[in-house]
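Residue numbers (my numbering): 78 to 238.
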């Protein structure tokens, strides 16, 4: 049974529901279209595109403002913070709100995954790679696959997280 995370402008739903691995899959439904689980590569790509209009540093810094609060539950005040941060993106407010909420939900999902050692830090690594290092979204989305958690942990600590 889906768990609603957020409704935006009465036509966009972001939910948790059962996925192929666990009950923490994030689904997005826009304008009554079929719901789907957005991929890391999709939102990394859109945020990288939007960074050409705003700035990669601004988007990354705004991400860090809600990253700090991500834990095992969706917190209404963090969703309100995302609304506030997104309102600073003019005509892209809705899209930024969608992707920030999806990433936040993804971090909550990571915090709840059994046997996940790196937890939400794995999303931060992807955001850092896309926005700070300007790496390709597909590369950042699959970067950690097959790598040992200890090696990723060392890399993250070198980056300051």
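Ideal Cβ placement from N, Cα and C applies to all residues, glycine included.
Relative to the alpha-carbon of residue 139, which residue among 162, 170, 220 and 207 has its alpha-carbon at the smallest distance? 162
| message | For residue 183 and residue 114, I'd like the C-alpha separation in whole angstroms. | response | 11 Å
Identity of the residues DSSP links to residue 93 by a beta bridge: 80 and 103
Would you mind giving the Cβ-Cβ distance between residue 105 and residue 179, rounded to the nearest angstrom? I have them listed as a contact below 8 Å. 6 Å
In the DSSP assignment, find the alpha helix (DSSP H) that holds residue 228 and state where it starts and stops. 226 to 235
At which residues does the alpha helix (DSSP H) containing residue 178 begin and terminate? 170 to 189
- Query: Is the CB-CB distance between residue 82 and residue 127 below 8 Å?
  - Reply: no
Return helix, strand or coil for residue 131, following the three-state DSSP convention.
coil
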